[in-house]
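What follows is a single structure, written as structure tokens, with notes after it.
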Amino acid sequence: MVETKKMMWMFKKDIMVLWRHKPRLIALILFPIIMITLFGYGMGGTLTNIPVVVVSQSNGPVTDATLNAIKSTSLYDVVNIINDPNKGKQMVMDGQAKAAIILPTNYDDMQSQTPKNVIIDADSSDQMATGALIPTTQALFSQISNQLGIQELQSMGLSSSVAQSSQIQVQSQTSSQLLSSPAATASGGINFQNIVNSINFQINKLYGNISYIDFLVPGLAMVVLFSCMFGMGESIAGERERGELARLFMTPTSITTIVGGKILSKLTIETGRAVILIVVAIILFGIVIAGSMLLTLLLLVLVALCFVGFGIMISARVSTQEDYMQMVQPITLPMMFMSGVFYPVETMPWIFQKIAYILPLTYANDALRAVMLKGVGIGAIWVDVVVLLGFTALFFGLGVRGFNRDV
Amino acid sequence: MKYCVETFDLTKNYGDFAAVDTLKMKINNKSIFGFLGPNGAGKTTTIKMLTCLSLPTTGTATVAGNDILKNPNEVRQKIGMIPQMVSLYGDLTVKENIQLCGDFYGVPRDLRDSRADELMEMVDIKYAENKPVSQLSGGMKQKASVVASLIHQPDILFLDEPTIGLDPTTKRVLWDMVEELNSEGRSIILCSHDMYEVELLCDDVGIINRGVLAAFDTPQGLKDTMINERKSEKTSRSSNITKIVEEIQKEASPEENTSFNKIKDYVEKKNRDSMELSIMISNLDEKIVNHLEKLPITYKITKQHSGRIVIEMEDSEESVTQIISSIIEKNGNITSISTKDPSLEDVFVRVTAKKEKVGEE
Chain A
1 MVETKKMMWM
11 FKKDIMVLWR
21 HKPRLIALIL
31 FPIIMITLFG
41 YGMGGTLTNI
51 PVVVVSQSNG
61 PVTDATLNAI
71 KSTSLYDVVN
81 IINDPNKGKQ
91 MVMDGQAKAA
101 IILPTNYDDM
111 QSQTPKNVII
121 DADSSDQMAT
131 GALIPTTQAL
141 FSQISNQLGI
151 QELQSMGLSS
161 SVAQSSQIQV
171 QSQTSSQLLS
181 SPAATASGGI
191 NFQNIVNSIN
201 FQINKLYGNI
211 SYIDFLVPGL
221 AMVVLFSCMF
231 GMGESIAGER
241 ERGELARLFM
251 TPTSITTIVG
261 GKILSKLTIE
271 TGRAVILIVV
281 AIILFGIVIA
291 GSMLLTLLLL
301 VLVALCFVGF
311 GIMISARVST
321 QEDYMQMVQP
331 ITLPMMFMSG
341 VFYPVETMPW
351 IFQKIAYILP
361 LTYANDALRA
371 VMLKGVGIGA
381 IWVDVVVLLG
391 FTALFFGLGV
401 RGFNRDV
Chain B
408 MKYCVETFDL
418 TKNYGDFAAV
428 DTLKMKINNK
438 SIFGFLGPNG
448 AGKTTTIKML
458 TCLSLPTTGT
468 ATVAGNDILK
478 NPNEVRQKIG
488 MIPQMVSLYG
498 DLTVKENIQL
508 CGDFYGVPRD
518 LRDSRADELM
528 EMVDIKYAEN
538 KPVSQLSGGM
548 KQKASVVASL
558 IHQPDILFLD
568 EPTIGLDPTT
578 KRVLWDMVEE
588 LNSEGRSIIL
598 CSHDMYEVEL
608 LCDDVGIINR
618 GVLAAFDTPQ
628 GLKDTMINER
638 KSEKTSRSSN
648 ITKIVEEIQK
658 EASPEENTSF
668 NKIKDYVEKK
678 NRDSMELSIM
688 ISNLDEKIVN
698 HLEKLPITYK
708 ITKQHSGRIV
718 IEMEDSEESV
728 TQIISSIIEK
738 NGNITSISTK
748 DPSLEDVFVR
758 VTAKKEKVGE
768 E
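Chains as they are written, first to last, in the numbering used here: chain A, 1 to 407; chain B, 408 to 768.
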């Protein structure tokens with residue numbers, strides 16, 4: 001039997017306790033606000049503004065129309081229009097763009113019988129971006145190709161009704177469907193296929209065919225390392241709460257030594273967990289680490305160190321485990337979604353992009369994916385490494401400085 | 408070194424609240440010192456500062472000859488502490504916890520292990536050395552904590568409510584151990600609410616109230632002070648009554664004056680030489696009480712429960728003999744008899760109540 005009065009007392013008691021723990025209360029209110037803002041504005045499910053570079057090697061109305069079509073498509077954010085294909089490819093490899101759309105030199109030559117080879121150099125290490133870019137770009141050029149074909153037919157003096165019929169169908173059908181249309185066959189003797197399919201579309205995945213599991217593993221390793229921050233609550237705030245840390249504080253031992261010991265144990269455990277995840281992924285799913293194994297391991301250690309430092313910084317001053325958890329939650333979960341582990345940073349609203357660049361997970365994710373998927377060396381990720389080292393030093397500095405010996 | 412602990416205006420503020428307020432205290436070296444005070448009086452805060460677990464807001468202290476602010480690590484090396492706010496790791500065994508503490512104090516491994524064995528034998532916990540602390544009873548945890556706190560052979564041992572929640576047998580084991588450690592030359596600082604424990608063990612007692620030291624003496628010294636204070640209060644009361652009676656006498660007739668003189672004599676005598684005797688009579692009845700009330704040496708009789716009476720009477724051996732004879736004469740069966748001197752608990756209540764009144768004013 002439910003005793004309403006007592007039940008209400010329990011309810012009242014919990015609310016009163018919460019009200020009196022202001023940091024916990026603030027964190028509790030902030031968490032849903034941050035999450036809904038994040039998902040509402042940033043991760044609505046549709047990717048937009050993926051940075052691309054367009055390599056335009058010809059001038060003319062078709063190029064202009066194509067550039068306009070690309071610019072007006074919300075999926076793309078054209079970061080630059082250049083004329084050197086190698087530079088375009090390099091920009092993708094440097095991470096400045098997710099793809100380079102390369103228009104051929106004969107793109108504007110309507111008289112040429114040579115097919116127009118449009119190439120897309122895609123950063124296949126980013127599955128989310130590539131997965132959205134390739135089909136959309138393919139569809140866009142298919143449509144452009146069809147329109148060019150119709151214009152060609154019109155210029156050849158075919159009746160406007162045939163051209164119109166073709167145009168309507170171009171807008172609603174794929175080029176292969178168009179080829180078998182009655183309008184096309186009715187105009188006998190003309191090779192519609194060549195006219196309508198004047199653009200060849202070539203996909204060039206810069207890092208080869210990366211499977212979804214290959215793509216996922218670095219992110220999952222990040223999540224494993226990232227989750228160590230939750231464990232830090234038990235490790236420091238919990239020990240403080242139970243009076244176990246007081247026993248150590250009573251000995252002639254510096255805070256740096258005690259914190260150093262905590263770091264070492266957490267570092268070993270968390271790096272070990274991430275390594276287990278990768279080894280199991282290699283054994284069970286045959287994932288391939290494109291880069292150096294040693295660099296991957298060193299990165300895992302650095303990332304773990306950074307997150308352990310973050311945990312120590314937060315737990316340094318809180319007195320209970322629950323306070324720690326409530327304080328860390330509004331920081332950690334949004335960080336996970338804003339740092340590019342699940343969604344490309346570049347596709348988020350500008351404010352989230354700015355925030356992403358002050359989050360260590362962004363750099364950790366970038367570096368680990370670059371090594372594991374792109375196979376790059378330290379030279380390509382040194383900025384990430386320096387930033388992570390900076391964050392680590394900052395977190396430890398603040399953590400040790402703010403560590404409250406008072407029990 | 409004369410004092411193991413000496414505080415110099417030691418103060419700890421939490422916001423506007425002074426938990427410890429300019430505390431000045433000197434604790435004799437190699438003594439057992441009882442540190443008493445009501446809840447929230449500032450005992451634990453003082454202990455935390457003395458054990459370098461909390462920084463004072465102002466003031467300082469020396470512990471084992473070292474300044475807590477200037478040489479905290481030297482202080483830490485020379486002190487040991489047994490809960491309440493310090494715990495062992497529940498998931499480690501007794502032995503592992505002791506080893507961890509030994510290493511944190513920098514005790515060489517061989518010495519650490521031999522001392523651990525010796526101490527575990529002493530407190531009778533050797534048989535449980537490989538058990539996780541979380542699986543131990545409260546008493547065993549306390550014993551393990553004692554060993555961990557003594558592994559580096561501290562000069563001063565702080566005990567914060569060490570016997571709280573322990574059964575009487577385990578309490579006695581700990582008390583014996585405290586005395587043994589003291590006899591080895593260690594200073595013991597004992598925080599407790601158990602007055603019996605403090606009276607039994609301590610050479611000196613300090614009572615802290617509202618962050619200031621309200622009393623400091625030997626247990627007997629504190630009780631004597633209380634007896635003297637009571638006497639002084641009675642004398643003062645008696646003198647006031649005598650003055651009033653003398654004022655009335657100025658306008659009274661000679662017959663009335665005789666009666667007034669008797670009143671004066673009675674008041675003066677009662678307040679000068681009175682004592683309290685507590686007697687348990689198994690067959691106490693009104694007849695015995697009435698008989699005792701009529702005796703000239705008896706001032707007041709208070710009946711308590713279970714056949715106990717408290718007699719306020721003339722302070723002399725003859726009076727005690729006369730009271731006992733009178734009870735036996737009326738066939739009273741005396742099962743216990745004791746004088747009613749103030750206990751340490753009475754002192755504690757009086758000292759802390761006095762300060763509260765001052766505070767309220």
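Where a beta carbon is used, it is the ideal one built from N, C-alpha and C, also for glycine.
Query raised in the report: Span of the alpha helix (DSSP H) holding GLY390(A)?
Result: As a first step, residue 390(A) must be located in the first sequence, where it is residue number 390. That run of the alpha helix (DSSP H) goes 378–402.
Query raised in the report: Roughly how many angstroms lie between the CA atoms of PRO661(B) and LYS669(B), to the nearest whole one?
Result: Sequence index remark: in the second sequence, residue 661(B) carries index 254 (1-based). Sequence index remark: in the second sequence, residue 669(B) carries index 262 (1-based). For PRO661(B) and LYS669(B), the distance between alpha carbons rounds to 13 Å.
Query raised in the report: Which residue or residues does DSSP assign as beta-bridge partners of MET432(B)?
Result: Here residue 432(B) refers to the residue found at position 25 of the second sequence. Bridge partners of MET432(B): THR414(B).
Query raised in the report: Is any beta-carbon of chain A found at less than 8 Å from that of TYR512(B)?
Result: Numbered from 1 along the second sequence, position 105 holds the residue referred to as residue 512(B). Answer yes: the Cβ-Cβ gap between TYR512(B) and chain A drops below 8 Å somewhere.
Query raised in the report: Helix or strand or just coil, what does DSSP make of LYS419(B)?
Result: Taking the second sequence and counting its residues from 1, the one referred to as residue 419(B) is at position 12. The answer is strand: DSSP assigns LYS419(B) an E or B state.
Query raised in the report: GLN560(B) versus chain A: which residues are under 9 Å apart at the beta carbon?
Result: Taking the first residue of the second sequence as position 1, residue 560(B) is located at position 153. The premise fails here: GLN560(B) is roughly 14 Å from chain A at the closest Cβ pair, so nothing lies under 9 Å.
**Report entry** ALA221(A) in three-state terms, based on DSSP
**Finding:** One-based indexing of the first sequence puts residue 221(A) at position 221. Three-state DSSP puts ALA221(A) in a helix.
Query raised in the report: In this structure, does DSSP put LEU557(B) in helix, strand or coil?
Result: Here the question's residue 557(B) lines up with position 150 in the second sequence. LEU557(B): helix per DSSP, three-state reduction.
Report task. Would you please verify whether the beta carbon of ARG593(B) is less than 8 Å from any beta carbon of chain A? Result -> Counting from one through the second sequence, the residue named residue 593(B) turns up at place 186. Answer no: the Cβ-Cβ gap between ARG593(B) and chain A never drops below 8 Å.
Report task. With DSSP as the reference, please indicate the residues paired to CYS306(A) in a beta bridge. Result -> The count along the first sequence starts at 1 and reaches residue 306(A) at position 306. Looking at the DSSP assignment, CYS306(A) forms no beta bridge with any residue, so it has no partner.
Query raised in the report: Cβ of GLN506(B) less than 8 Å from any chain A Cβ?
Result: Walking along the second sequence from the start, residue 506(B) turns up at place 99. No, GLN506(B) does not count as interfacial toward chain A.
**Report entry** GLU749(B) and ILE615(B) closer than 8 Å at C-beta
**Finding:** Residue mapping note: residue 749(B) aligns to position 342 of the second sequence, counting from 1. Residue mapping note: residue 615(B) aligns to position 208 of the second sequence, counting from 1. Note that residue 749(B) is Pro in the sequence shown, not Glu. Not in contact: PRO749(B) and ILE615(B) (Cβ atoms no closer than 8 Å).
Query - Residue of ASP631(B), ILE596(B) and ASP583(B) minimising C-alpha distance to GLU568(B) - result: The residue labelled residue 568(B) in the question sits at position 161 within the second sequence. When each option's Cα is compared against that of GLU568(B), the closest is ILE596(B).
Query raised in the report: Can you find a CB in chain A that lies within less than 8 Å of the CB of ASN480(B)?
Result: The residue you call residue 480(B) lines up with position 73 of the second sequence. Yes, its Cβ sits closer than 8 Å to a Cβ of chain A.
Query raised in the report: SER125(A) and TYR212(A): beta carbons closer than 8 Å?
Result: Against the first sequence, residue 125(A) aligns to sequence position 125. Against the first sequence, residue 212(A) aligns to sequence position 212. No, Cβ-Cβ distance for SER125(A) and TYR212(A) is not below 8 Å.
Requested in this report: Please list the partners that LEU495(B) has in chain A, where partner means a Cβ-to-Cβ separation under 8 Å.
Outcome: Working through the second sequence from its first residue, we reach residue 495(B) at position 88. Within chain A, the residues near LEU495(B) are GLU244 and ARG247.
Requested in this report: Determine the extent of the beta strand (DSSP E) in which GLN413(A) is found, giving its start and end residues.
Outcome: Past the boundaries of the shown model lies residue 413(A); chain A is included only from 1 to 407, so the question cannot be answered.
Requested in this report: Can you tell me the Cβ-Cβ gap for TRP582(B) and GLU604(B), rounded? I've got them flagged as a contact below 8 Å.
Outcome: In the second sequence, the residue the question calls residue 582(B) occupies position 175. In the second sequence, the residue the question calls residue 604(B) occupies position 197. Indeed they touch by this definition, with Cβ atoms about 7 Å apart.
Query raised in the report: So, does the CB of PRO23(A) fall closer than 8 Å to a CB anywhere in chain B?
Result: Indexing the first sequence from 1 puts residue 23(A) at position 23. Answer no: the Cβ-Cβ gap between PRO23(A) and chain B never drops below 8 Å.
**Report entry** Min CB distance THR332(A) to chain B below 8 Å
**Finding:** By one-based count along the first sequence, residue 332(A) stands at place 332. Chain B contact via Cβ: absent.
Query - Spatial distance of TYR534(B) from LEU518(B) (CA atoms) - result: By 1-based counting over the second sequence, the position of residue 534(B) is 127. By 1-based counting over the second sequence, the position of residue 518(B) is 111. Their backbone Cα atoms lie some 20 Å apart in a straight line.
Query raised in the report: Taking C-alpha atoms, which residue in THR500(B), LYS548(B), ASP562(B) and CYS609(B) lies nearest to LYS485(B)?
Result: For the purposes of this step, residue 485(B) is taken as the residue at position 78 of the second sequence. If we check each option's Cα against that of LYS485(B), ASP562(B) comes out closest.
Query raised in the report: Helix, strand or coil: how does DSSP classify SER743(B) here?
Result: Translated into the one-based positions of the second sequence, residue 743(B) becomes position 336. Strand, per DSSP.
Query raised in the report: Under 8 Å between C-beta atoms, does GLN484(B) make it to chain A?
Result: Within the second sequence, the letter at position 77 stands for residue 484(B). True, the Cβ-Cβ gap to chain A drops below 8 Å.
**Report entry** Closest by C-alpha distance to LEU220(A), when choosing among PRO349(A), LYS89(A), MET348(A) and VAL341(A)
**Finding:** The residue labelled residue 220(A) in the question sits at position 220 within the first sequence. Measuring from the Cα of LEU220(A), the nearest candidate turns out to be VAL341(A).
Query raised in the report: Thinking just about the alpha-carbon of each residue, which of SER733(B), LEU588(B) and ASN504(B) is nearest to the one in VAL538(B)?
Result: As a position in the second sequence, residue 538(B) is number 131, starting the count at 1. Per the sequence shown, the amino acid found at residue 538(B) is Lys instead of Val. Nearest option by C-alpha distance: ASN504(B).
Report task. Output the residue ranges of the beta strand (DSSP E) runs that lie fully inside the region 98–156 of chain A and measure 3 residues or longer, sorted by chain position. Result -> 99–103 and 116–122
Requested in this report: For LYS502(B), count neighbouring Cβ atoms within 10 angstroms of its own Cβ and tell me buried if that reaches 16, exposed if not.
Outcome: Working through the second sequence from its first residue, we reach residue 502(B) at position 95. It is buried - the Cβ of LYS502(B) has at least 16 other Cβ atoms within 10 Å.
Query - Residue(s) in a DSSP beta bridge with ASP474(B) - result: Taking the first residue of the second sequence as 1, we reach residue 474(B) at position 67. Note: ASP474(B) sits in a beta bridge opposite THR469(B).
Query raised in the report: Since THR253(A) meets chain B, which of its residues come closer than 7 Å, beta carbon to beta carbon?
Result: Position 253 of the first sequence, counted from the first residue, corresponds to residue 253(A). Neighbours of THR253(A) on chain B, chain order: PHE511.
Query raised in the report: Counting contacts by CB-CB distance shorter than 8 Å, is SER461(B) in contact with chain A?
Result: Within the second sequence, the letter at position 54 stands for residue 461(B). Yes, its Cβ sits closer than 8 Å to a Cβ of chain A.
Query - Exposure of ARG240(A), with buried meaning 16 or more beta-carbon neighbours within 10 Å - result: As a working note, residue 240(A) is residue 240 in the first sequence. Counting Cβ neighbours within 10 Å, ARG240(A) comes out buried, since at least 16 surround it.
Query raised in the report: Is there at least one Cβ from chain B nearer than 8 Å to VAL17(A)'s Cβ?
Result: Mapped onto the first sequence, residue 17(A) falls at position 17. Output row for VAL17(A): interface = no.
Query - Where GLN94(A) meets chain B, residues with beta-carbon distance less than 9 Å - result: Counting from one through the first sequence, the residue named residue 94(A) turns up at place 94. Note on residue identity: the sequence assigns Asp, not Gln, to residue 94(A). Going along chain B, no residue has its Cβ under 9 Å from ASP94(A), so there is no contact; the nearest lies around 50 Å.
Report task. Please state if the CB of LEU564(B) and the CB of GLY509(B) are separated by a distance shorter than 8 Å. Result -> Here residue 509(B) is taken as the residue at index 102 of the second sequence, counted from 1. Here residue 564(B) is taken as the residue at index 157 of the second sequence, counted from 1. Contact flag unset, no.
Query raised in the report: In the DSSP assignment, what residue or residues form a beta bridge with ARG579(B)?
Result: Numbered from its first residue, the second sequence carries residue 579(B) at position 172. In the DSSP output, where bridge partners are listed per residue, ARG579(B) has none listed.
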